[in-house]
Amino acid sequence: VKKVSKKYEAQGSPVKQAAVLGAGIMGGGVAYQSAVKGTPILMKDINQGALQLGLDEANKLLGKQLKRGRLDAAKMAKTINRITPTLSYGDFNRVDLVVEAVVENINVKKSVLAEVEGHMPEDAILTSNTSTISITELAKSLKRPENFCGMHFFNPVALMPLVEVIRGEKSSEAAIARTVSYAKAMGKTPIVVNDCPGFLVNRILFPYFGGFSALLNDGADFRKIDKVMEGFGWPMGPAYLLDVVGIDTAYHADAVMAEGFPDRMQHEGENAIDRMFKLERFGQKNSKGFYQYE
Ligand code: NAD
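The sequence shown begins at 300 in UniProt numbering and counts up one residue at a time.
The structure is reproduced here in structure tokens:
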């Protein structure tokens, strides 16, 4: 605990141009947050529809700020112009830092990370927003593992203060310092943590989901569990939280945790996340999860 809570003081050089890979729930949120705090960001995805969704989400969040009088139309336009949606790596030769936020799949991530590394300046920093996958393992796909570390945002990015900056075995101090600086420039509260499956927060959250699943297997009603946890003072219960996170993402993350901590995180037979995944009820992203969305 001491190690984790020790204040990180080193100053990294500022990030003037960022990029995010993936324009989904997290990539869109990272793009919005970077833009709103003044750092221009390229947002790359593999399909136009996803890019549009990412931009729509940023526009929606900015529209809320406009309504509340926190910015005017000119500032809104200026902010949205700081996000450059793209389907290519064309402009990646001028980025200082990249946040990878594609699907939670080790093989996809390794190949995307190796690909983007080839388009970035040699001294630029590459980070992954993975929820659970070891940074040391992901670094094995890279030519410059010293320039790589974890940068784990929480959902929704605009609201959640915490960012875990994960130190892989080969991450350099310069990579950590620059990532911490970027997190601060985005108005976030970074903590530097060592590498292991799930890092810090998800080592707490996934056992909680496990407890929730066990209650469902015992016959509990997920709506009642949500009400109880709200009564306990948490902003939302586990079923609603899983819908927000995305059941597909939670399913893949759960598998990484089970493999990483077989004694504590492996469960016999199917759990609620497995069942929902099989039913393709992915949560808010496809309008059906534990709850139904319009
Ligand atoms: P998502 O499914 O909403 O979005 C993933 C996006 O990646 C999609 O738009 C997809 O088109 C895009 N993509 C896939 N392959 C790509 C490629 N080769 N290049 C560029 N884009 C590509 O997923 P998400 O919830 O945003 O999760 C993204 C990452 O963030 C995952 O690693 C996840 O574990 C992590 N994360 C998620 C949450 C959460 O609550 N959802 C929280 C923290 C971290």
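Positions of the beta carbon are idealized from the N, C-alpha and C atoms, including for glycine. Since this is a predicted model, take the numbers as computed values, not measurements.
Does Gln-310 pass the burial test, meaning 16 or more other C-beta atoms within 10 Å, or should it be called exposed?
Along the sequence shown, read from residue 1 onward, the residue named residue 310 stands at position 11. It counts as exposed.
Span of the alpha helix (DSSP H) holding Leu-365?
Against the sequence shown, residue 365 aligns to sequence position 66. Its alpha helix (DSSP H) spans residues 347-366.
Alpha carbon to alpha carbon, how far is Glu-579 from Ala-484? Give it in angstroms, no decimals.
The count along the sequence shown starts at 1 and reaches residue 484 at position 185. The count along the sequence shown starts at 1 and reaches residue 579 at position 280. Just so you know, the alpha carbons of Ala-484 and Glu-579 end up roughly 38 Å apart.
Val-456 and Val-314: beta carbons closer than 9 Å?
Translated into the one-based positions of the sequence shown, residue 456 becomes position 157. Translated into the one-based positions of the sequence shown, residue 314 becomes position 15. It is not a contact, given that the beta carbons lie outside the stated cut-off.
Range of the contiguous alpha helix (DSSP H) that encloses Lys-409:
Within the sequence shown, numbered from 1, the residue matching residue 409 stands at position 110. First-last of the alpha helix (DSSP H) with Lys-409: 405-416.
Cβ-Cβ separation, Pro-496 to Val-464 (assumed contact under 8 Å), whole Å
Indexing the sequence shown from 1 puts residue 464 at position 165. Indexing the sequence shown from 1 puts residue 496 at position 197. Incorrect: roughly 17 Å between the Cβ atoms, too far for contact.
Any alpha helix (DSSP H) of 4 or more consecutive residues that is wholly inside the region 476-555
Those alpha helix (DSSP H) runs which fall completely within the region 476-555 and span 4+ residues are 500-516, 521-530, 537-544.
Validate contact between the region 366-382 and the region 390-409 using beta carbons, cut 8 Å, 3 pairs:
no
The alpha helix (DSSP H) with Arg-574 in it runs from where to where?
To locate residue 574, count along the sequence shown from 1; it is residue 275. From DSSP, the alpha helix (DSSP H) with Arg-574 extends over 571-577.
Which residue marks the beginning of the beta strand (DSSP E) containing Leu-341, and which one marks its end?
What you label residue 341 is simply residue 42 of the sequence shown in a count that begins at 1. Note, Leu-341: beta strand (DSSP E), 340-343.
Please confirm whether any heavy atom of ligand 1 lies closer than 8 Å to the CB of Val-394.
Counting from one through the sequence shown, the residue named residue 394 turns up at place 95. No, ligand 1 has no heavy atom inside 8 Å of this Cβ.
Starting from the Cα of Val-462, find the closest Cα among Met-450, Ala-513, Ile-572, Met-575 and give me that residue.
Position 163 of the sequence shown, counted from the first residue, corresponds to residue 462. It is Met-450.
Note down the Cα distance separating Pro-384 from Pro-460, rounded to an integer number of angstroms.
Within the sequence shown, residue 384 is the residue found at index 85, counting from 1. Within the sequence shown, residue 460 is the residue found at index 161, counting from 1. So the alpha carbons of these two residues sit roughly 25 Å apart.
Using only the heavy atoms of ligand 1, determine whether one of them is closer than 8 Å to the beta carbon of Thr-548.
Translated into positions along the sequence shown, residue 548 becomes position 249. It does: the Cβ of Thr-548 is within 8 Å (strictly closer) of some heavy atom of ligand 1.
Is the beta carbon of Val-462 within less than 8 Å of some heavy atom of ligand 1?
By one-based count along the sequence shown, residue 462 stands at place 163. It does not: the Cβ of Val-462 is nowhere closer than 8 Å to a heavy atom of ligand 1.
If contacts are defined as beta-carbon pairs under 8 Å, then Ile-546 and Gly-509 qualify, I think. What distance do you get, rounded to the angstrom?
For this step, residue 546 is matched to residue 247 along the sequence shown. For this step, residue 509 is matched to residue 210 along the sequence shown. Between Gly-509 and Ile-546 the Cβ distance is about 15 Å, and since that is not below 8 Å, they are no contact.
For Met-419 and Ile-524, I'd like the C-alpha separation in whole angstroms.
Locating residue 419 in the sequence shown gives position 120, where the first residue counts as 1. Locating residue 524 in the sequence shown gives position 225, where the first residue counts as 1. C-alpha separation (whole angstroms): 47 Å.
Can you tell me whether Asp-344 sits near ligand 1, meaning its C-beta is under 8 Å from at least one heavy atom of the ligand?
What you label residue 344 is simply residue 45 of the sequence shown in a count that begins at 1. Yes - ligand 1 has a heavy atom lying nearer than 8 Å to the Cβ of Asp-344.
Cutting at 7 Å between CB atoms, please list the residues of its own chain near Cys-448, excluding the five before and the five after it.
Locating residue 448 in the sequence shown gives position 149, counting from the first residue. Result list for Cys-448: Thr-426, Ile-434, Val-464, Ile-465, Arg-466, Gly-467, Ser-470, Ala-474, Ile-475, Thr-478, in chain order.
Cutoff 6 Å; reference Gly-327; Cβ partners in own chain excluding five residues on either side
The residue you call residue 327 lines up with position 28 of the sequence shown. Only Gly-353, Glu-356 meet the Cβ criterion.
How long is the line joining the alpha carbons of residue 595 and Val-401, rounded to whole angstroms?
Since the first residue of the chain shown is 300 and the last is 593, residue 595 is not available in this structure.
Whole angstroms is fine: what's the gap from Glu-403's alpha carbon to Asn-501's?
What you label residue 403 is simply residue 104 of the sequence shown in a count that begins at 1. What you label residue 501 is simply residue 202 of the sequence shown in a count that begins at 1. The alpha-carbon atoms of Glu-403 and Asn-501 are separated by roughly 14 Å.
Just to check, is the beta-carbon of Asn-454 closer than 8 Å to a non-hydrogen atom of ligand 1?
Taking the sequence shown and counting its residues from 1, the one referred to as residue 454 is at position 155. Because some heavy atom of ligand 1 lies under 8 Å away, the Cβ of Asn-454 counts as near it: yes.
Let me know if Ser-430 comes out buried or exposed under the rule of 16 or more other beta-carbons within 10 Å of its beta-carbon.
Here residue 430 refers to the residue found at position 131 of the sequence shown. Looking at its Cβ environment, which holds 16 or more other Cβ atoms inside 10 Å, Ser-430 is buried.
Looking only at its own chain, which residues have a Cβ that is under 6 Å from the Cβ of Phe-481, when we skip the five neighbours before and after it?
Residue mapping note: residue 481 aligns to position 182 of the sequence shown, counting from 1. This sequence places Tyr at residue 481; Phe is not what is there. The residues are Val-314, Leu-396.
Quick one: residues in its chain with C-beta nearer than 6 Å to the C-beta of Val-300, no 5 flanking neighbours on either side, listed in chain order?
The residue given as residue 300 occupies position 1 in the sequence shown. Residue placement at Val-300 is flagged as unreliable, the pLDDT there being 42, under the threshold of 50; the coordinate-derived value follows with that caveat. None.
Below-9 Å beta-carbon distance, Gly-510 vs any chain B residue:
Absent here is chain B; the protein component of the structure consists of one chain.
Taking the beta strand (DSSP E) that Leu-461 belongs to, which residues open and close that run?
Taking the sequence shown and counting its residues from 1, one reaches residue 461 at position 162. Taken as a continuous stretch (DSSP letters only), the beta strand (DSSP E) holding Leu-461 covers 461-466.
Please determine whether the Cβ atom of Asn-428 lies at a distance below 8 Å from any heavy atom of ligand 1.
For this step, residue 428 is matched to residue 129 along the sequence shown. Asn-428 Cβ: within cutoff of ligand 1.
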